[in-house]
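S.K.: Chains as they are written, first to last, in my numbering: chain E, 9 to 345; chain C, 9 to 345; chain G, 9 to 345; chain V, 9 to 345. Beta carbons are placed, not taken as given, at the ideal position from N, Cα and C, and that holds for glycine.
There are 4 protein chains.
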Amino acid sequence: MIIVMKHSAAAADIDTVVKQVEAMGYRAHLSQGTERTIIGVVGDNRPVQPHNFEMLSGVEQVVRILQPFKLASRDFHPNNTVINVRGVVVGGPRITLIAGPCSVESRSQLLETACAVREAGADILRGGAFKPRSSPYAFQGLGEDGLEMLAEAREETGMPIITEVMSPEAVSLVGQYTDVFQIGARNNQNFPLLTAVGRTHIPVFLKRSMMGTVQETLMSAEYVLSGGNRQVIVCERGIRTFETATRNTLDINAIALMKQWTHLPIFGDPSHGTGKWELIGPTAKACIAAGADGLMIEVHPHPAEAMSDGAQSLKPEKFAALVRELRQLAPALGRTM
Amino acid sequence: MIIVMKHSAAAADIDTVVKQVEAMGYRAHLSQGTERTIIGVVGDNRPVQPHNFEMLSGVEQVVRILQPFKLASRDFHPNNTVINVRGVVVGGPRITLIAGPCSVESRSQLLETACAVREAGADILRGGAFKPRSSPYAFQGLGEDGLEMLAEAREETGMPIITEVMSPEAVSLVGQYTDVFQIGARNNQNFPLLTAVGRTHIPVFLKRSMMGTVQETLMSAEYVLSGGNRQVIVCERGIRTFETATRNTLDINAIALMKQWTHLPIFGDPSHGTGKWELIGPTAKACIAAGADGLMIEVHPHPAEAMSDGAQSLKPEKFAALVRELRQLAPALGRTM
Amino acid sequence: MIIVMKHSAAAADIDTVVKQVEAMGYRAHLSQGTERTIIGVVGDNRPVQPHNFEMLSGVEQVVRILQPFKLASRDFHPNNTVINVRGVVVGGPRITLIAGPCSVESRSQLLETACAVREAGADILRGGAFKPRSSPYAFQGLGEDGLEMLAEAREETGMPIITEVMSPEAVSLVGQYTDVFQIGARNNQNFPLLTAVGRTHIPVFLKRSMMGTVQETLMSAEYVLSGGNRQVIVCERGIRTFETATRNTLDINAIALMKQWTHLPIFGDPSHGTGKWELIGPTAKACIAAGADGLMIEVHPHPAEAMSDGAQSLKPEKFAALVRELRQLAPALGRTM
Amino acid sequence: MIIVMKHSAAAADIDTVVKQVEAMGYRAHLSQGTERTIIGVVGDNRPVQPHNFEMLSGVEQVVRILQPFKLASRDFHPNNTVINVRGVVVGGPRITLIAGPCSVESRSQLLETACAVREAGADILRGGAFKPRSSPYAFQGLGEDGLEMLAEAREETGMPIITEVMSPEAVSLVGQYTDVFQIGARNNQNFPLLTAVGRTHIPVFLKRSMMGTVQETLMSAEYVLSGGNRQVIVCERGIRTFETATRNTLDINAIALMKQWTHLPIFGDPSHGTGKWELIGPTAKACIAAGADGLMIEVHPHPAEAMSDGAQSLKPEKFAALVRELRQLAPALGRTM
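1) Following the continuous beta strand (DSSP E) through C/ALA20, name the residue where it begins and the one where it ends.
2) Return the chain-ordered ranges of every alpha helix (DSSP H) run that is complete within the region 73 to 160 of chain C and spans a minimum of 4 residues.
3) Along chain G, in chain order, which residues have C-beta atoms closer than 7 Å to that of E/ASP83?
4) Please classify C/ASP52 as buried or exposed, where buried requires at least 16 other C-beta atoms within 10 Å of its C-beta.
5) Return no unless some Cβ of chain C is closer than 7 Å to the Cβ of V/THR203.
6) Is the beta carbon of E/VAL29 sitting closer than 7 Å to the one on E/VAL49?
7) Could you check whether the Cβ of E/ARG216 sits closer than 7 Å to any Cβ belonging to chain G?
8) Please give me, in chain order, every unbroken run of the beta strand (DSSP E) with length at least 3 that falls completely inside the region 156 to 244 of chain G.
9) Using the C-alpha atoms, what's the distance from E/GLU163 back to E/SER116?
10) Should G/ILE169 and G/PHE213 be called a contact, given that it needs their Cβ atoms to be closer than 7 Å?
11) Within 10 Å of its beta-carbon, does E/LYS293 have 16 or more other beta-carbons around it, so buried, or fewer, so exposed?
12) Taking C-beta pairs closer than 8 Å, name the residues in chain E that C/GLY318 reaches, listed in chain order.
13) If you follow the alpha helix (DSSP H) that G/ILE47 is in, where does it begin and where does it stop?
14) With DSSP collapsed to three states, give me the class of E/THR42.
15) Return the chain-ordered list of same chain residues with a C-beta closer than 7 Å to the C-beta of C/ALA18, the five sequence neighbours on each side being excluded.
16) Using a 10 Å radius around the Cβ and a threshold of 16 neighbouring Cβ atoms, would you call V/SER111 buried or exposed?
17) So, with DSSP's three-state summary, where would you put V/GLN57?
18) Between E/ASN261 and chain V, is the shortest Cβ-Cβ distance under 7 Å, so that the two count as touching?
19) Quick check: the Cα distance between G/ALA340 and C/ALA340, rounded to an integer number of angstroms?
20) By a C-beta neighbour count over all protein chains shown, 10 Å radius and 16 as the cutoff for buried, is E/SER148 buried or exposed?
21) Against chain G, does V/MET227 count as a neighbour if the rule is that its beta carbon must be under 7 Å from one of theirs?
22) What does G/VAL12 reach in chain E if we use C-beta pairs closer than 8 Å?
23) So V/GLY108 and V/VAL125 are supposed to be a Cβ contact under 8 Å. How far apart are they, rounded?
24) Counting only beta-carbon atoms, is E/PRO273 nearer than 7 Å to chain V?
25) Could you spell out the range, first to last residue, of the alpha helix (DSSP H) harbouring E/PHE327?
26) Alpha helix (DSSP H) containing G/LEU287: first to last residue?
27) Thinking C-beta only, is G/LEU155 closer than 7 Å to G/TYR185?
28) So, do the region 282 to 302 of chain C and the region 98 to 108 of chain C have three or more beta carbon pairs nearer to each other than 8 Å?
29) Does the CB of C/VAL222 have a neighbour CB from chain G at under 7 Å?
30) Using DSSP's beta-bridge definition, name the partner residues of E/ARG35.
31) Assign V/MET266 to one of three DSSP states: helix, strand, or coil.
32) Considering only the beta carbon of each residue, do G/VAL346 and G/VAL182 sit closer than 7 Å?
33) Interface residues of chain G around E/PHE250 at Cβ under 8 Å?
34) The beta strand (DSSP E) that contains V/GLY302, what's its start and end?
35) For the region 21 to 52 of chain C, which residues have a CB atom closer than 7 Å to at least one CB atom of chain V, in sequence order?
36) Name, please, each residue of chain E whose Cβ falls closer than 9 Å to the Cβ of C/ASN198.
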């Protein structure tokens, strides 16, 4: 951490800052420039808040030097984390495909979709039983009935399952069924929830918030990791920008950057990232080309009748065609599929 | 809702859309333009999802006509909602001041601040006992001990209190102490939490998300209202934009717009809205000038020692000076204070 | 400027950076932390580009310490710049009102509006003769005929005039008529144009870009100032964000912040800042409350027939009512009007 | 265009709107919903401004149905536009590589880079002679000397050249040298400049603005096209968002979407799109995977000594390695290279 003093700062101001740095157990390193004095805070000051210095008289700016996350960082864990989800290996050279409907709507809808995506080449089945909906009047999911249907689909197809958990008190119930906890974009900074899943031993699929920076996203992963659960997958699913032609802006840079900053597996979600089924194909390929370890894609046998997110779901035959194209692409990128 | 067909849509495509509209219980109204056919969906279609039509063959675009919220709308409730918080009237001509520390840090810190803000003219005391922190290594709040201290400060000063609740299972505990539930920006779309506070009879202070549109913000208010709790205050606290010179961008337009769209009291939070104590004064006045019914301002007796958000807290004497300025301003805006 | 070395940087990497710093004529100041080495670049390094160091082996991050602008900064020019526009004093205690139609559409429209805004209390008349339009098929302005009409309206009302100049080669022509050059938001980083108006002695009204940071905005002012023209007014007119309920997001923080960072007069434009005439009143008051030295407001006698921007124009009688309210407000803020 | 009336609109309000629609030469089509009346404007109303109706009493909202561009649209021109740049075919199945330094800095720097990128497989040489710089104190380019050097490099390598033109009066000079005009991101809405290059017969490489929507970008292309110049290439180069870990956010969705909306060739610029040379490789591949017809990449033999944009330039050997990887990728995407 570096503290930049104002042009007008007095010697006494500098002195006060240095004393506060030392009182916190760090060393202060002064550097006298031509227009500003700069004070370096020497030591592992990740827990220190910049505001503790910003409030002192004569301070202009406080700059963090260290990334605030540690367990998620490649600095301290250079090798890729590999996670075994009931036999599906995530984070290795093989690209992982998660597919299924946005919401579990009925036993038949789920089983039909599960068989179709399995057939097409999916590795893990997704499906929402508890749904975060921006309207209180919209379909909120089937709840535990949905979880039972997911378990049945797993039985039938052999695919592990992933489903969303929305509150700390539901972690225990959902944990009885699911192979992977999904933390949705709106809960990326739901800290009690992150703490709760961090205490389990079930892998966590953490979606980036639509307005979370890469740094904040990895800090949310750090919450789970610091609770003792080292099995975290991070998923880019589009951020909110001024562009309205697409539902979100898939941040392809973030996929490439997170592969450098962290050892955790990085996924892309072209369904939410674009909000338009016509764009899923090209952006799914782009995610893989940028280095993603896997994809999450929404598939629905009858999208026009879907209770949620139909516009960004592929029909099973379109999904199958996309998988064939991805399989052509993977070897050209040094990956398997 | 209006469905715009593609230039290339076939008569059969139009037919299919019309049939789906009718199958959902609405009337379809066709309008044949020179380049596009447009189908109006007649009836209260707030619960319908645009994607149900976007997926149909030949559909180009689906446009919502009705605001998705109803209980929060001035269309159906033209008069301002006025909320009585233990004798403090919120939403009337008098401007309400909420002040206090970001976090409750100790009994003495809280009581010192409470007395100071009371003396300066605050109406309601704020203080966080459970704190949402982006780092798992940062101070997480005093929990129930903090709630006890808030209750004691209320006893001592006579001011009602407001504190944040972060998860559905904490609603019952926090509700035993607080006069107003604060829902933080990161929980604005925590739907299980909104549902939980919607079942109580305690007023809710709902902060806009840093990434939430005005429409989504009022939909989150609708969640609480539709649960039966009609006492909701909405607070603009800055949104996230490309500008980095301030922590957030206080959306002054949203204050003026929400006063037109909804009957609920609208507040401004210049502490979070700017992230810099030097900007609190001018932006607090701007909120009031734009029509806000009240302000939430962070005050700390020793900001440099604050455990959170010191950089955006005023010292008590600066807060007192600001209140004097606001009192000069209020009559020129037709308000009292 | 501070250069942060990677955790993994070798001694030779540090050596190379130090040598490059010295080769550029600066002193290097090393600070050895527990996890990173930091190298301070001592001297007025405003012209140095961070990328010159970012490319060197072992460099993690380069942080600018000094604001890149100097002539625009309060550090070097503490007192407010006051500009005399044909007898109208801008930047002093008195608030300045610029009003008029978006576009000059006809002699009668302009004269009718000019007389009305003069009567209501405006100080300077605005009107576009050359119009930047996002569609090549839209009305592009009357050109020199419009300039003639503006000059006639000045003659008739005694008000100085302001009009937009869109390209370097038009500076000479527009300069023969106008009292103030307006640089539109889309031209905020049109550097040849900034250079051209910087060579004149006519005051410049510089609108912030809808995508420009406060720092970039003041750098654009620096372009004009460094050309020798010290009469620059900076105008906040709304930035582009994810919010779509308003045309732009008026950045009220920027008004308060720029008053601290620069000595130049700061204006607000609630017409473009909101895009909705119903929001002009509350946000105009907010601009003044936040410290703006003046306002630019679009007024049109028949907005529904306006050739541009009718939705964000006030009718003359609504403008007159707003001026009366602002005159009540000004003294409560220590200003006159 | 659709006009939505307010809940409270009177019959007379509706009547006034209908009359105005008809006075403009369109037909009005009324649709009476349960809560709102909707008026469709029938006819090619691209030139109509929504504000002409938004100002009328009782109007709530005006929704555009037609894309405002026509010449750029696939609706009216289904086949891909293919452009021949001195023998290099752009917009066909073969992927085009534009490479070279950000700025032309010297004859030797340019020739060295030109030979290296030619050798590696580039098709067209880029280099800035006139540079838009956000600081008036930064290197502004070599001007006409730079153009001469580019011409010499073309002579020597056989590669066509592309260079930026920044103002209408420079179009004639730059046009004497260049094979393609580059319009930079900051000039995407410099309408006099778009008009000027639209009158030439030299292909135009139009960069998206860092805050331009896809629709606005294609409207800027429409400016050039409507001037008579049908040779336009559109380039996604990153947009400005809240994310600060990368210089811009490369909008991969926009590449996929523009390929659907327009027949013009679409390029990606991973250098500006990320601002970090370490991210150029993965995002270049992502652009191609998403359907881009070509790439623009900055290459500099000694990036640390570059006068601009060194941090986002590849060294020639890294560029050569990337080209080899792209050549492996192209066939898996049905492209050649």
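M.R.: In short:
1) Here residue 20 of chain C is taken as the residue at index 12 of the second sequence, counted from 1. From DSSP, C/ALA20 is part of no beta strand (DSSP E) but of the alpha helix (DSSP H) over 19 to 31.
2) 115 to 128
3) Translated into positions along the first sequence, residue 83 of chain E becomes position 75. Result: HIS15.
4) Against the second sequence, residue 52 of chain C aligns to sequence position 44. The residue is exposed, with fewer than 16 neighbouring Cβ atoms inside 10 Å.
5) On the fourth sequence, residue 203 of chain V is found 195 positions in, with the first residue counted as 1. Not a single CB atom of chain C sits nearer than 7 Å to the CB of V/THR203.
6) Position 21 of the first sequence, counting from 1, holds the residue named residue 29 of chain E. Position 41 of the first sequence, counting from 1, holds the residue named residue 49 of chain E. Yes, the pair counts as a contact, with Cβ atoms nearer than the cut-off.
7) The residue labelled residue 216 of chain E in the question sits at position 208 within the first sequence. Not closer than 7 Å to any Cβ of chain G, the Cβ of E/ARG216 fails to qualify, so no.
8) 169 to 172, 188 to 191, 212 to 215 and 240 to 244
9) If you number the first sequence from 1, residue 116 of chain E lands on position 108. If you number the first sequence from 1, residue 163 of chain E lands on position 155. Taking the straight line from one Cα to the other gives about 14 Å.
10) Counted from its first residue, the third sequence places residue 169 of chain G at position 161. Counted from its first residue, the third sequence places residue 213 of chain G at position 205. It is not a contact, given that the beta carbons lie outside the stated cut-off.
11) For this step, residue 293 of chain E is matched to residue 285 along the first sequence. Buried: at least 16 other Cβ atoms inside 10 Å.
12) Sequence index remark: in the second sequence, residue 318 of chain C carries index 310 (1-based). What C/GLY318 touches in chain E: GLN57, HIS59, ASN60, GLU62 and MET63.
13) Taking the first residue of the third sequence as 1, we reach residue 47 of chain G at position 39. No alpha helix (DSSP H) holds G/ILE47; the beta strand (DSSP E) holding it covers 45 to 50.
14) Taking the first sequence and counting its residues from 1, one reaches residue 42 of chain E at position 34. Coil at E/THR42, not helix or strand.
15) Here residue 18 of chain C refers to the residue found at position 10 of the second sequence. So the list reads GLY66, once near-sequence residues are dropped.
16) Within the fourth sequence, residue 111 of chain V is the residue found at index 103, counting from 1. Burial call: buried.
17) Looking up residue 57 of chain V in the fourth sequence gives position 49. Reduced to three states, the DSSP call for V/GLN57 is coil.
18) Position 253 of the first sequence, counted from the start, is the residue given in the question as residue 261 of chain E. So yes, E/ASN261 belongs to the interface.
19) On the third sequence, residue 340 of chain G is found 332 positions in, with the first residue counted as 1. On the second sequence, residue 340 of chain C is found 332 positions in, with the first residue counted as 1. Straight-line Cα distance between these residues: approximately 7 Å.
20) Taking the first residue of the first sequence as position 1, residue 148 of chain E is located at position 140. It is worth fixing the name first, because residue 148 of chain E is Gln in this sequence and not Ser. E/GLN148 is buried by the Cβ-count criterion.
21) For the purposes of this step, residue 227 of chain V is identified with residue 219 of the fourth sequence, where counting begins at 1. At least one chain G Cβ lies under 7 Å of V/MET227.
22) Here residue 12 of chain G refers to the residue found at position 4 when the third sequence is read from its first residue. Residues of chain E passing the Cβ test: ILE73.
23) The residue labelled residue 108 of chain V in the question sits at position 100 within the fourth sequence. The residue labelled residue 125 of chain V in the question sits at position 117 within the fourth sequence. That pair is a contact at about 6 Å.
24) Counting from 1 along the first sequence, the entry for residue 273 of chain E is found at position 265. False, the Cβ-Cβ gap to chain V never drops below 7 Å.
25) Taking the first residue of the first sequence as 1, we reach residue 327 of chain E at position 319. For E/PHE327, the enclosing alpha helix (DSSP H) has its first and last residue at 324 to 340.
26) Translated into the one-based positions of the third sequence, residue 287 of chain G becomes position 279. Counting along the chain, the alpha helix (DSSP H) containing G/LEU287 begins and ends at 285 to 297.
27) Residue numbering aside, residue 185 of chain G sits at position 177 when the third sequence is read from its first letter. Residue numbering aside, residue 155 of chain G sits at position 147 when the third sequence is read from its first letter. For G/TYR185 and G/LEU155, yes; Cβs fall inside 7 Å.
28) Enough Cβ pairs lie closer than 8 Å, so yes.
29) Here residue 222 of chain C refers to the residue found at position 214 when the second sequence is read from its first residue. Chain G contact via Cβ: present.
30) What you label residue 35 of chain E is simply residue 27 of the first sequence in a count that begins at 1. Its beta-bridge partners are E/VAL50.
31) Here residue 266 of chain V refers to the residue found at position 258 when the fourth sequence is read from its first residue. Reduced to three states, the DSSP call for V/MET266 is helix.
32) Because chain G spans 9 through 345 in this model, residue 346 of chain G falls outside it and cannot be assessed.
33) Mapped onto the first sequence, residue 250 of chain E falls at position 242. Chain G residues near E/PHE250: ARG248, THR249 and PHE250.
34) Position 294 of the fourth sequence, counting from 1, holds the residue named residue 302 of chain V. Start and end: 302 to 306.
35) Hits within the stretch, in order: HIS37, SER39, GLY41, THR42, GLU43, ARG44, ILE46, GLY48, VAL50, GLY51 and ASP52.
36) By one-based count along the second sequence, residue 198 of chain C stands at place 190. Under the 9 Å cutoff, chain E gives PRO140, MET174, SER175, ARG194, ASN195, ASN198 and LEU201.
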